[in-house]
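Participant:
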């Protein structure tokens, strides 16, 4: 059982958070599409964001990228789940059988434009600090079977 933490609202374990002041990280990370048996560099989020972007986010299971991968005993993400950014609203349903379900690395400029146009603040100062500290590229941390996650930016919803 997890205790409450001032650093992670609502026990923080990637729960849905409606507080618009809570930041989220945007990453690009490898994902093994088990239907097409190919790798994709999909856009993932650290937690469910507030605002209209949340309609485009689905919680997905991330399969092993390699048969040699094992979960760390310290992982808090024993199911290997991630918040993935989808190309279309999740209310329409989604399937990994659709080639264009996930937003991928080449969609980053469109995502940044969407964030700027829909009431999100991109925190360039914090993003820069993380990039300079070499924390912007994370190899397999955060639990699950992720490979190398690369930080795109930190953002938060500011318009209600």
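In my numbering, the protein residues as written are 113 to 272.
Where a beta carbon is used, it is the ideal one built from N, C-alpha and C, also for glycine.
1. By Cβ distance, which residues of its chain are closer than 8 Å to residue 170, with the 5 residues on each side in sequence left out?
2. State the Cα-Cα distance for the pair residue 270 and residue 224, rounded to the nearest angstrom.
3. Report the residue from 232, 264, 235, 118 whose alpha carbon sits nearest the alpha carbon of residue 246.
4. Measure how close the beta-carbons of residue 138 and residue 155 come, nearest whole angstrom, since I'm counting them as under 8 Å.
5. Let me check one thing: in DSSP terms, what residues is residue 216 bridge-paired to?
6. Per DSSP, which one or two residues make a beta bridge with residue 145?
7. Helix, strand or coil: which one does DSSP assign to residue 200?
8. Distance check for residue 244 and residue 235, CA to CA, integer angstroms please.
9. Taking the alpha carbon of residue 143 as the reference point, which residue from 222, 168, 134, 172 has its own alpha carbon closest?
10. What are the boundary residues of the beta strand (DSSP E) that residue 262 is part of?
11. Per DSSP, residue 170 is paired with what?
12. Please report the Cβ distance between residue 145 and residue 152, rounded to the nearest whole angstrom; I am assuming they are in contact, meaning their Cβ atoms lie under 8 Å.
13. I'd like the list of long-range same chain contacts for residue 219, defined as Cβ closer than 7 Å, with 5 residues on each side in sequence excluded.
14. Using the Cα positions of residue 193 and residue 157, report the straight-line distance between them to the nearest angstrom.
15. In terms of residues, what are the limits of the alpha helix (DSSP H) holding residue 211?
Facilitator: On the basis of the data shown:
1. 195, 196, 198, 202, 206
2. 15 Å
3. 264
4. 6 Å
5. 154
6. 150
7. coil
8. 14 Å
9. 172
10. 260 to 269
11. 196
12. 5 Å
13. 155
14. 11 Å
15. Unbroken run through residue 211: none, as it is neither H nor E.
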